[in-house]
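*Asks:* Chains as they are written, first to last, in our numbering: chain A, 1 to 370; chain B, 1001 to 1198.
1) Counting Cβ pairs, one atom from each stretch, are 3 or more of them under 8 Å apart for the stretch 171-180 of chain A and the stretch 113-130 of chain A?
2) Identify which residue in B/1047, B/1057, B/1182 has its Cα closest to the Cα of residue 1017 of chain B.
3) For a contact meaning CB atoms closer than 8 Å, what does residue 1179 of chain B contact in chain D?
4) Give the C-beta separation of residue 1131 of chain B and residue 1163 of chain B to the nearest angstrom, bearing in mind that I take them to be a contact with Cβ-Cβ under 8 Å.
5) Once the 5 residues before and after residue 152 of chain A are set aside, which same chain residues still bring their CB inside 6 Å of it?
6) DSSP beta-bridge partners for residue 83 of chain A?
7) Rounded to whole angstroms, what is the Cα-Cα separation between residue 143 of chain A and residue 93 of chain A?
8) Going along the chain, which unbroken runs of the beta strand (DSSP E) with 3 or more residues stay wholly within the stretch 283-359 of chain A?
9) Would you mind telling me which residues of chain B sit closer than 7 Å to residue 181 of chain A, beta carbon to beta carbon, in chain order?
10) My understanding is that residue 25 of chain A touches residue 49 of chain A, with C-beta atoms under 8 Å, so please give their C-beta distance in whole angstroms.
11) Run through chain B and tell me which residues come within less than 8 Å of residue 156 of chain A, C-beta to C-beta.
12) Measuring CB atoms only, is the stretch 237-249 of chain A touching the stretch 276-287 of chain A, in the sense that at least three cross pairs come out at less than 8 Å?
13) Am I right that residue 1083 of chain B and residue 1102 of chain B are in contact with their C-beta atoms under 8 Å? What's the rounded C-beta distance?
14) Classify residue 1096 of chain B as helix, strand or coil using the three-state DSSP reduction.
15) Along the chain, where does the alpha helix (DSSP H) that runs through residue 244 of chain A open and close?
16) List, in order along the chain, the chain A residues whose C-beta lies closer than 8 Å to that of residue 1186 of chain B?
17) List, in order along the chain, the chain B residues whose C-beta lies closer than 8 Å to that of residue 162 of chain A?
18) Measure from the C-beta of residue 1154 of chain B to each C-beta in chain A and report whether the shortest distance is under 8 Å.
19) Let me know if residue 1171 of chain B comes out buried or exposed under the rule of 16 or more other beta-carbons within 10 Å of its beta-carbon.
20) Taking Cβ positions only, does residue 168 of chain A come closer than 8 Å to chain B?
21) Can you tell me which of the three DSSP states residue 45 of chain A falls into?
22) Rounded to whole angstroms, what is the Cα-Cα separation between residue 1093 of chain B and residue 1049 of chain B?
23) If I follow the unbroken beta strand (DSSP E) through residue 188 of chain A, where does it start and stop?
24) Could you tell me the distance, in whole angstroms, from the CA atom of residue 1180 of chain B to the CA atom of residue 1145 of chain B?
25) Indicate the three-state DSSP secondary structure (helix, strand or coil) for residue 1167 of chain B in the structure shown.
Written out as structure tokens, the structure is:
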């Protein structure tokens, strides 16, 4: 799939902007604070209805404007349709093919986007939250039902943590309610963990050969799930549930003492091994970056496999962070398959061969300069 | 904006109702000024009487003007069967169905630790008492199908199970008369889970 054009109205530093894109590579060039990332963000927002940078939609509307609008035309193999997001103080409206979609799950997924931004280089090094977010976003893009279970899980988790606090402070002595919430929690936790296992299996399959390629056949990447209790990938849903039941039974006193839930998918993590060693602890910065890049490229292939179309790739300020070899490997992998948006302060650091077929956009203070 | 005191008080009162914002409140208040005095008196009386004369049935918790309520007193109803709901409005919805011949029990809420609502804050204690006194054989739990409603349903079933009383949960699934294609994935998958033999 690709984005044919986009129109922004009173969005961030763009008053009015209409751009037509190339279906191969689009390079957005500009000095700092001219609006490169804002443009990338607008594409991300068109896909997910929210920004990757801020949870506050108000920031996206120009300060003296009533609303901000992003409109784009999406072209898929057999169809062509407009998508539109209007943000105003009253809330947001998402239109797919001119029709307003009330449920987000009916909108998200029409445009698949994979973004690779500087903070993604932290995927390996950063805290577990970053990795959980990565895995949850990706599964959600291919399986809207996963988002539902995740939401329900978080609701039950909040209730359970409140109750544990009450029990800790002895405001409440009733263990029955705790058991009820534990049972509810396990119901969703088991499904989440099962889906994550399935997703990791696929991700692993795609990421390993990609990583081998980027590392010139030198490195072998392995991905593991590090759960907060004893579950493994050969378990079925019932076995996962059993394991959770046993775990929560064992830690009940400790949970009450601490006043919080101590096990569950919200405490699980991903671990990456390169040549048998944990990259997070022992890997060089280069290895950590290569791993993050392999994961993102695997994600692209995975979405293609699940949905039948390649997603749109956003490379926000990261291309120049990669060395020549990784850069050309990346550009080689996506060439001719994936519509790509690259933002950079200068084209000097980018491979010349790729630039030949690219469309260049010079951005200055929210305006395209020829 | 300046309003004479009587009308600003009236506007204030209207805004206390659910679903009524400041603009609607102003419109309603000015409409009241245009109404016949008799109608306004009638309206005022109806408000006060509804509040004064209605209480909660000490047995089942439903709203009533006599205690116990008409449903609890109805001998033709099956006291061995109790349908547990969250709200008096749910009783009225159930009664519209005209098919349920058992009795009700209104909880007035659902358990939610986050909002500081524990089991002791909803009408459960009197339910347990009824189970003993009325020879109940089955509890149908019809709390809302959300996180809190489900938790409340599970909580009650755990309390009641040791007494050997059958506890059932109403089904979730597709609305009757609707099209399958318009149902969301979550509802559909619940409907699949709850399928039955033909």
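Note that beta-carbon positions come from the ideal geometry of N, C-alpha and C, so glycine has one too.
*Replies:* Answer, in terms of the structure:
1) no
2) Within the second chain, numbered from 1, the residue matching residue 1017 of chain B stands at position 17. Looking at the Cα atoms, B/1047 is the closest of the given residues.
3) No chain D appears in this structure, whose protein chains are A and B.
4) Indexing the second chain from 1 puts residue 1131 of chain B at position 131. Indexing the second chain from 1 puts residue 1163 of chain B at position 163. Right, their Cβ atoms sit about 6 Å apart.
5) Position 152 of the first chain, counted from the first residue, corresponds to residue 152 of chain A. The residues are 188.
6) In the first chain, the residue the question calls residue 83 of chain A occupies position 83. Per DSSP, A/72, A/96.
7) By one-based count along the first chain, residue 143 of chain A stands at place 143. By one-based count along the first chain, residue 93 of chain A stands at place 93. Distance between the alpha carbons of residue 143 of chain A and residue 93 of chain A is about 22 Å.
8) 312-316, 340-344
9) The sequence position of residue 181 of chain A within the first chain is 181, counting from 1. Residues of chain B passing the Cβ test: 1151.
10) As a position in the first chain, residue 25 of chain A is number 25, starting the count at 1. As a position in the first chain, residue 49 of chain A is number 49, starting the count at 1. The pair is not a contact, with the Cβ atoms about 26 Å apart (cut-off 8 Å).
11) Against the first chain, residue 156 of chain A aligns to sequence position 156. Here the neighbours are 1147, 1151.
12) no
13) Within the second chain, residue 1083 of chain B is the residue found at index 83, counting from 1. Within the second chain, residue 1102 of chain B is the residue found at index 102, counting from 1. 6 Å between Cβ atoms; contact.
14) Sequence index remark: in the second chain, residue 1096 of chain B carries index 96 (1-based). Three-state DSSP puts residue 1096 of chain B in a helix.
15) The residue you call residue 244 of chain A lines up with position 244 of the first chain. Taken as a continuous stretch (DSSP letters only), the alpha helix (DSSP H) holding residue 244 of chain A covers 237-258.
16) On the second chain, position 186 is the one that residue 1186 of chain B refers to. Result: 145, 148.
17) For the purposes of this step, residue 162 of chain A is identified with residue 162 of the first chain, where counting begins at 1. Those within 8 Å of residue 162 of chain A in chain B are 1113, 1114.
18) Locating residue 1154 of chain B in the second chain gives position 154, where the first residue counts as 1. Cβ-Cβ to chain A under 8 Å: yes for residue 1154 of chain B.
19) Taking the first residue of the second chain as position 1, residue 1171 of chain B is located at position 171. By the 10 Å Cβ count, residue 1171 of chain B comes out exposed.
20) The residue labelled residue 168 of chain A in the question sits at position 168 within the first chain. False, the Cβ-Cβ gap to chain B never drops below 8 Å.
21) As a working note, residue 45 of chain A is residue 45 in the first chain. Of the three classes helix, strand and coil, the one that applies to residue 45 of chain A here is helix, per DSSP.
22) On the second chain, residue 1093 of chain B is found 93 positions in, with the first residue counted as 1. On the second chain, residue 1049 of chain B is found 49 positions in, with the first residue counted as 1. About 23 Å.
23) Here residue 188 of chain A refers to the residue found at position 188 when the first chain is read from its first residue. That residue, residue 188 of chain A, is in no beta strand (DSSP E); its alpha helix (DSSP H) goes 175-214.
24) The sequence position of residue 1180 of chain B within the second chain is 180, counting from 1. The sequence position of residue 1145 of chain B within the second chain is 145, counting from 1. In a straight line, the C-alpha of residue 1180 of chain B is about 20 Å away from that of residue 1145 of chain B.
25) Counting from 1 along the second chain, the entry for residue 1167 of chain B is found at position 167. Strand, per DSSP.
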